[in-house]
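Position one of the sequence shown corresponds to residue 1054 (the numbering used here), numbered consecutively onward. Before any comments, here is the structure.
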Amino acid sequence: MKVLKSNGPKIFDIELEKDLLSKNRSLAKENRKRFDRSNVLTIDIMGSIGSGKTSLIKAMLRKLGMDKAVVVIAGDLTITIDAERIAEEGAQVIKK
């Protein structure tokens, strides 16, 4: 095994023997098929803390109007502030 030593910041590639995201890609593909069969539009929004994800979702909900069924899956495991802010717009929020 080769040991990498650093004398400062360097960028290097690490070759992996296993695709770490293959299971994720497989599940995502199956989810996409299910959503497509049911004619469900899905939008995935990710970003760092404070990047405006919740504000963007709230603006999208206001623009869409609530004449459509909208469900938001909130992924923040520790707090409910964002979920509560989104629910104020009338969307059903599921905490995961």
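We put the beta carbon where it would ideally sit given N, CA and C, even for glycine. Treat the numbers as computed from the prediction; the structure is a model and nothing was measured.
Checklist line | Contact between the stretch 1109 to 1116 and the stretch 1133 to 1149 (3+ Cβ pairs under 8 Å) | finding: Because the criterion of three Cβ pairs below 8 Å is met, the stretch 1109 to 1116 and the stretch 1133 to 1149 touch.
Next item on the list: Would you tell me roughly how many angstroms separate the C-alpha atoms of Q1145 and V1124, rounded to the nearest one?
Entry: On the sequence shown, position 92 is the one that residue 1145 refers to. On the sequence shown, position 71 is the one that residue 1124 refers to. Q1145 and V1124 have their alpha carbons spaced roughly 5 Å apart.
Next item on the list: Please name the residue, chosen from S1101, T1131, E1068 and I1096, that lies closest to A1081 on a Cα-to-Cα basis.
Entry: The residue given as residue 1081 occupies position 28 in the sequence shown. Taking A1081 as reference, the option from S1101, T1131, E1068 and I1096 with the minimal CA-CA separation is I1096.
Note to self: Would I1134 and K1149 qualify as a contact pair, given that the criterion is a beta-carbon distance under 8 Å?
What the structure shows: If you number the sequence shown from 1, residue 1134 lands on position 81. If you number the sequence shown from 1, residue 1149 lands on position 96. Against a cut-off of 8 Å, the Cβ pair of K1149 and I1134 comes out as no contact.
Check: Do G1143 and L1117 have their C-beta atoms closer together than 8 Å?
Finding: Residue mapping note: residue 1143 aligns to position 90 of the sequence shown, counting from 1. Residue mapping note: residue 1117 aligns to position 64 of the sequence shown, counting from 1. No; because the gap between Cβ atoms is not below 8 Å, this pair is not in contact.
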